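Peer 1: Under our numbering, read the sequence shown as residues 10 to 57, first letter to last. Where is the CB? At the ideal position from N, CA and C, for every residue including glycine. Note that this is a predicted model, so its numbers are computed, not measured.
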Amino acid sequence: MSEFIFLYRRPPTQNPSSRQMEERMRRWQAWVEKLEKGGSPGTPRAGH
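#1: Would you give the residue range spanned by the alpha helix (DSSP H) that L16 belongs to?
#2: Can the beta-carbon of P20 be found less than 9 Å from the beta-carbon of R33?
#3: From R28 to E42, what distance separates their C-alpha atoms?
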């Protein structure tokens, strides 16, 4: 399969704190950077 879409769905939570949201964003960004360094970041959809 040469083309696919990755959908991310987080588990439901009770209004996370600012600190929790910052930590989640930090981990998400680290994961994306790892994909980019590995040569597999995907390509943005045109016009989106």
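Peer 2: Looking at the coordinates:
#1: That residue, L16, is in no alpha helix (DSSP H); it is neither H nor E in DSSP.
#2: no
#3: 21 Å
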